[in-house]
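In what follows, a structure is listed as structure tokens, so that the remarks can point back to it.
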Amino acid sequence: MIEIPSDLHPDLVPLTFLLGDWAGAGVFDFPGAEKCNFGQEVSFSHDGRDFLEYHSHTWVLDEEGEKVRPLESEAGFWRIDKDRKVEVVMTRDDGVVEVWYGELADKKPQIDLATDAVARTAASGPYSGGKRLYGYVKSDLMWVGEKQTPEVPLRPYMSAQLKKVVTPGEVESWAKDLGDLPDDGIAFFK
Numbered sequence: 001m002i003e004i005p006s007d008l009h010p011d012l013v014p015l016t017f018l019l020g021d022w023a024g025a026g027v028f029d030f031p032g033a034e035k036c037n038f039g040q041e042v043s044f045s046h047d048g049r050d051f052l053e054y055h056s057h058t059w060v061l062d063e064e065g066e067k068v069r070p071l072e073s074e075a076g077f078w079r080i081d082k083d084r085k086v087e088v089v090m091t092r093d094d095g096v097v098e099v100w101y102g103e104l105a106d107k108k109p110q111i112d113l114a115t116d117a118v119a120r121t122a123a124s125g126p127y128s129g130g131k132r133l134y135g136y137v138k139s140d141l142m143w144v145g146e147k148q149t150p151e152v153p154l155r156p157y158m159s160a161q162l163k164k165v166v167t168p169g170e171v172e173s174w175a176k177d178l179g180d181l182p183d184d185g186i187a188f189f190k
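Here it is in structure tokens:
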């Protein structure tokens with residue numbers, strides 16, 4: 001269920017599907033790095049201004065799905081204009097700062113982004129740009145990232161399927177909105 005918060009800046013309504021905390025898993029595969037499954041936690045929040053605040057943390061998973069070590073972390077700010085053009089400023093833990101531009105698809109919750117500018121510190125590895133696709137599919141947030149370096153042409157390197165994290169407060173709120181349920185519970189399914 002997607003709800004529009006009453007204090008959300010009106011410009012951000014088209015991005016409402018991103019709001020909240022998300023968790024899930026995906027696959028990482030890029031030449032020169034170890035291929036692995038990863039876990040991910042993502043948060044999109046707002047404070048009433050005209051941007052969403054974004055945080056993502058990923059970690060390598062072992063064969064049993066247990067955390068092994070951190071993989072990547074990034075944080076940023078997402079904006080959208082009246083023409084559905086999306087801009088993102090993102091900082092990553094490896095010393096990369098990116099400006100992304102893209103567009104929210106017409107009549108569906110899907111965002112295509114591509115890097116417009118990349119700045120790297122001396123400690124960061126080779127990186128020259130990327131693309132990302134985010135989509136809200138059957139209540140899940142799915143994404144795929146492509147990456148290029150001077151040595152490797154643009155190619156997919158990470159993708160994940162994330163589920164919305166439900167807080168106890170949200171469960172309580174939903175329970176209050178259910179109204180009167182039948183005493184035996186069975187009649188509810190008839």
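Numbering (UniProt numbering), first residue to last: 1 to 190.
Built from N, CA and C at the ideal position, the CB exists for glycine as well.
1) So is Val42 buried or exposed if we call it buried at 16+ other beta carbons inside 10 Å?
2) Does the separation of the CB atoms of Gly24 and Gln161 fall below 7 Å?
3) Do Phe17 and Pro109 come within 7 Å of each other at the CB atom, strictly closer than that value?
4) Less than 7 Å between C-beta atoms, sequence neighbours within five positions excluded: which residues of the same chain meet that for Pro14?
5) According to DSSP, what are the bridge partners of Pro156?
6) I think Thr58 touches Phe30, with their Cβ atoms under 8 Å apart; what is that distance to the nearest whole Å?
7) Using DSSP bridges, identify the partner residues of Val99.
8) Give the straight-line distance between the Cα atoms of Ile111 and Lys147, rounded to the nearest whole angstrom.
Let's see:
1) With 16 or more other Cβ atoms inside 10 Å of its own Cβ, Val42 counts as buried.
2) Yes, the pair counts as a contact, with Cβ atoms nearer than the cut-off.
3) Taking a C-beta distance under 7 Å as the contact criterion, Pro109 and Phe17 qualify as a contact pair.
4) Result list for Pro14: Ile80, Arg84, Leu104, in chain order.
5) The secondary-structure analysis by DSSP pairs Pro156 across a beta bridge with Glu146.
6) The beta-carbon separation of Thr58 and Phe30, rounded to 13 Å, does not stay under the 8 Å limit for a contact.
7) BP columns for Val99 point to Val89, Ala117.
8) Approximately 17 Å, taken between the alpha carbons.
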